[in-house]
Amino acid sequence: MLGMDAWHIWGGHCMGDTDLSYESGPTRSGSIAKKLFTQFTVCSGSGYEKSDFYLATALSKPHIDWRLNPQFPDTLDLLSEKDVRRYRLQRRLIGPVYQTSNLVQYETAIDDVLARFIAKLKGFKGAQVELSEWMHIIAVECLGAVVLSWSPGLIKNGTDNASGTHAYCGWRRKSVFGLFPAVAKVEFLSKSAGRLFSTVWGVNFQPPKNFRPFFPDVGKRVSRRVNVATRSKLSQDGRQDLLMDLIQLHKSKPEFTDTYLRKMAVTNFGAGHETMASTLTSIIALLGSHEDIHAQVSSEILEMSDSTHYATATRLTATQSLIKEAKRLYPVISMSLPRKVPTGGFHLHGYYFPPNTTVGCNPVALHRNTDIFGSDSHMFNPARWLAADPDTARSMERISLAWGGGSRTCPGRHLAELVVFKVVPALVKEFRIEAILPPEDEGRSYFLSIMTGVQARFIEREAQNDQL
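In our numbering, the protein residues as written are 73 to 540.
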């Protein structure tokens with residue numbers, strides 16, 4: 073297994089790009105991915121539990137017994153949770169809070185953030201910016217406004233204080249440790265052992281000089297507000313935001329415990345800041361590097377007076393096809409989603425995988441399956457979503473792992489869509505966007521993947537004629 077894990081690290085998955093032009097070809101890999109998708113998502117609940125890979129992403133330190141078996145406390149960790157009953161309870165409790173019907177009340181909060189963000193970009197007069205950093209800035213600022221009625225000051229300061237870069241380096245480390253779960257267990261017992269392993273595999277890193285995390289501020293604000301709301305009957309907090317929704321959920325349903333409340337409030341940022349930044353970066357990068365698509369999307373958005381309203385944005389067909397195609401080609405998760413083969417084993421293409429074997433479905437391979445997405449599945453072609461017949465369109469939507477699959481779909485999907493569906497039209501409405509993409513083989517993808525090195529120019533539409 074060591075050789076296979078090392079291949080994952082150095083052979084193009086954990087430390088490589090998303091190019092599928094290896095010897096076996098995208099069709100073969102896509103066929104396998106399609107089969108695994110059926111097993112793990114359509115047949116969810118059939119025993120394919122999350123593998124020990126997720127020990128590396130756990131938010132809480134478990135108790136490790138003498139056999140190195142971890143026992144986690146009763147907390148909220150939606151990504152790493154392996155207790156199915158606990159996970160289902162938590163998803164059922166938070167479900168109504170994260171439905172679109174509840175979230176749309178925060179549109180105006182996002183509008184206020186967008187106004188500040190657009191004004192800041194206009195001040196650059198079309199100068200090049202690092203796209204991933206600025207998409208990270210807007211993602212964090214929108215989360216701050218919706219969840220806490222708060223701005224972390226990233227737009228004002230014109231920097232994310234290297235928090236995005238630092239987080240991505242963290243995913244590089246987690247991705248490697250996840251492939252060696254025994255080492256992840258040992259690190260729970262000895263940080264020194266973890267540092268030694270990181271050094272051997274070259275995944276240790278120092279925070280950038282200008283690094284300033286926003287999570288301490290998030291944690292303090294959540295703790296302060298929850299303390300006041302739950303310990304005082306005289307709370308006069310009039311803020312209407314997502315944290316207040318979660319506080320009210322805790323008060324009305326005690327099974328949504330104080331621990332769940334605090335963890336979920338912070339999870340909005342932990343699960344959302346990088347994933348939304350990744351999605352927005354790929355959308356804007358592809359839009360800004362394809363003039364024909366840019367013209368089509370711009371025409372659609374500029375023709376609508378209310379194109380930045382969520383209800384309208386969902387009906388913008390060219391814009392939605394752009395978003396779907398970007399998520400297809402550059403999904404947020406670029407490594408296999410690891411699961412354990414259940415009792416009875418698993419047969420695939422003439423091979424037998426015994427129980428407890430770690431297997432997984434790779435979203436990149438699945439999303440470039442020629443059987444589903446056509447012979448040009450490796451190419452950027454938003455028109456495939458517009459030209460597809462209803463059955464094909466439904467099949468493409470159903471098989472997508474952009475939001476996960478089965479019972480483990482992203483619980484924050486509707487919040488992310490609210491932000492993305494508003495940010496994209498707002499930027500296109502105000503700017504002509506140009507993007508320069510680095511060679512794809514220079515990119516680095518881990519369990520979480522972000523297009524890095526993309527340089528973009530946001531040219532104000534009223535000013536662009538002066539530059540022609």
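C-beta: ideal position from N, C-alpha, C; glycine also.
- Judged by DSSP in its simplified three-state form, residue 396 adopts helix.
- Ranked by Cα distance from residue 124, the first of 138, 147 and 155 is 155.
- The alpha-carbon of residue 277 is positioned some 9 Å away from that of residue 271.
- In terms of CA proximity to residue 152, 126 leads the group 173, 126 and 165.
- Counting only runs of 4 or more residues that sit fully inside the region 398-475, the alpha helix (DSSP H) segments are 435-439, 442-445, 455-459 and 462-471, in chain order.
- Our two residues, residue 338 and residue 423, have alpha carbons roughly 43 Å apart in a direct line.
- Selection 449, 301 and 414 evaluated against residue 432 yields 414 as nearest (Cα-Cα).
- Under the DSSP assignment, residue 530 falls in the beta strand (DSSP E) whose first and last residues are 527-532.
- Take the alpha-carbon of residue 520 and the one of residue 405: they are about 5 Å apart.
- Listed in chain order, the alpha helix (DSSP H) elements of length 4 or more contained wholly in the region 220-247 are 226-229.
- The Cβ atoms of residue 286 and residue 224 sit closer than 8 Å to each other.
- Across the structure, residue 378 and residue 465 are spaced so that their CA atoms are roughly 27 Å apart.
- For the pair residue 242 and residue 208, the CB atoms are not nearer than the 8 Å cut-off.
- The C-beta distance from residue 303 to residue 275 rounds to 42 Å, too long to fall under 8 Å, and the pair is not in contact.
- Residue 351 has its alpha-carbon roughly 14 Å from the corresponding atom of residue 486.
- C-alpha of residue 407 to C-alpha of residue 513: approximately 16 Å in a straight line.
- Distance check between residue 511 and each of 502, 504, 505 and 527 places 527 closest, using alpha-carbon atoms only.
- For residue 200, the uninterrupted beta strand (DSSP E) run begins and ends at 200-202, by DSSP.
- Going by DSSP, residue 507 is part of the beta strand (DSSP E) stretching over 503-508.
- Residue range 330-360 is occupied by the alpha helix (DSSP H) that includes residue 339.
- Annotation: residue 141 is outside any alpha helix (DSSP H) and is labelled neither H nor E by DSSP.
- DSSP places residue 252 in no alpha helix (DSSP H); its state is neither H nor E.
- Burial is judged here by how many other beta carbons sit within 10 angstroms of a residue's own beta carbon; residue 393 has at least 16 and is buried.
- In the three-state DSSP reduction, residue 136 falls in the strand class (E or B).
- Between residue 120 and residue 400, the gap from beta carbon to beta carbon reaches 8 Å or more.
- The three-state secondary structure of residue 122, taken from DSSP, is strand.
- In the structure shown, residue 370 adopts helical secondary structure according to DSSP, grouped into three states.
- The way I'd put it, the region 493-504 does touch the region 171-190; three or more beta-carbon pairs between them come closer than 8 Å.
- In this structure, DSSP gives residue 150 a state outside helix and strand, which the three-state scheme calls coil.
- Classified as exposed, residue 261 has fewer than 16 neighbouring CB atoms from the shown chains inside 10 Å of its CB.
- For the pair residue 522 and residue 380, the CB atoms are not nearer than the 8 Å cut-off.
- Note on geometry: alpha-carbon atoms of residue 219 and residue 340 lie some 8 Å from one another.
- In the DSSP assignment, residue 322 falls within the unbroken alpha helix (DSSP H) covering 314-324.
- Just so you know, the alpha carbons of residue 531 and residue 360 end up roughly 11 Å apart.
- Taken through DSSP and simplified to helix, strand or coil, residue 479 comes out as helix.
- In the structure shown, residue 262 adopts coil according to DSSP, grouped into three states.
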